[in-house]
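Using the UniProt record's numbering, the letters of the sequence shown map in sequence onto residues 1 to 101.
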Amino acid sequence: WGYSGTTDRIRFTVDQRIFIVGFGLYGSYFGPTEYEVHLQIIHLATKKVCGSNTTTFCCDGTDDTFRAMFKEPVEILPNTSYIASAKLKGTDSYYGTRGLR
1 WGYSGTTDRI RFTVDQRIFI VGFGLYGSYF GPTEYEVHLQ IIHLATKKVC
51 GSNTTTFCCD GTDDTFRAMF KEPVEILPNT SYIASAKLKG TDSYYGTRGL
101 R
C-alpha cells in the first residue's frame, strides 16, 4: 500500500445527522514517519466540497490508526451520499481490508 500522491476515496451514507471531525489513517510500517494529507468530504450529488483541510500527522511505526483532523467539524445529513477522500504523501503504510481494521 503506497502513498504516492494518489487519492483514496470511499462513498458513505448515515441514518442520522452526524459531524465528522477527522479521519483515522494508518501509518508507516518503516517506523516513525510524518505524512502530509489532504482531506475532503464531498456531497456526491452536487460535488460540493463540504469540508477540506491539508495537514500533517505523525505515526510511530505501529499498526494503529492516527488522527488527521478537519479545522471545523463537517456536518453530514442522513440518507445523503458523500465521499470521504484522503490524498497522502509519504512512505508505504499498514492498511485495512474488507472494511475491517
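Ideal placement from N, C-alpha and C gives every residue a C-beta, glycine not left out. No experiment lies behind these values; they were computed from the predicted model shown.
Who are residue i's beta bridge partners in DSSP?
i	result
tyrosine 26	Thr65
proline 73	DSSP, once it has assigned bridges, lists no residue as partnering proline 73.
serine 85	Arg9 and Gln40
threonine 33	Cys59
Can residue i and residue j be called in contact, C-beta distance under 8 Å?
i	j	result
glycine 5	lysine 89	yes
alanine 84	arginine 9	yes
glutamate 36	threonine 56	yes
tyrosine 95	leucine 44	no
isoleucine 20	isoleucine 41	yes
leucine 39	phenylalanine 66	no
glycine 27	serine 93	yes
residue 108	threonine 33	Since the first residue of the chain shown is 1 and the last is 101, residue 108 is not available in this structure.
Check residue i in the structure and name its three-state DSSP category.
i	result
tyrosine 94	coil
tryptophan 1	Caution applies to tryptophan 1, whose pLDDT of 47 falls short of 50 and renders its modelled position unreliable; the model cannot decide the point.
arginine 17	coil
threonine 56	strand
residue 104	Since the first residue shown for the chain is 1 and the last is 101, residue 104 is missing from the structure and cannot be characterised.
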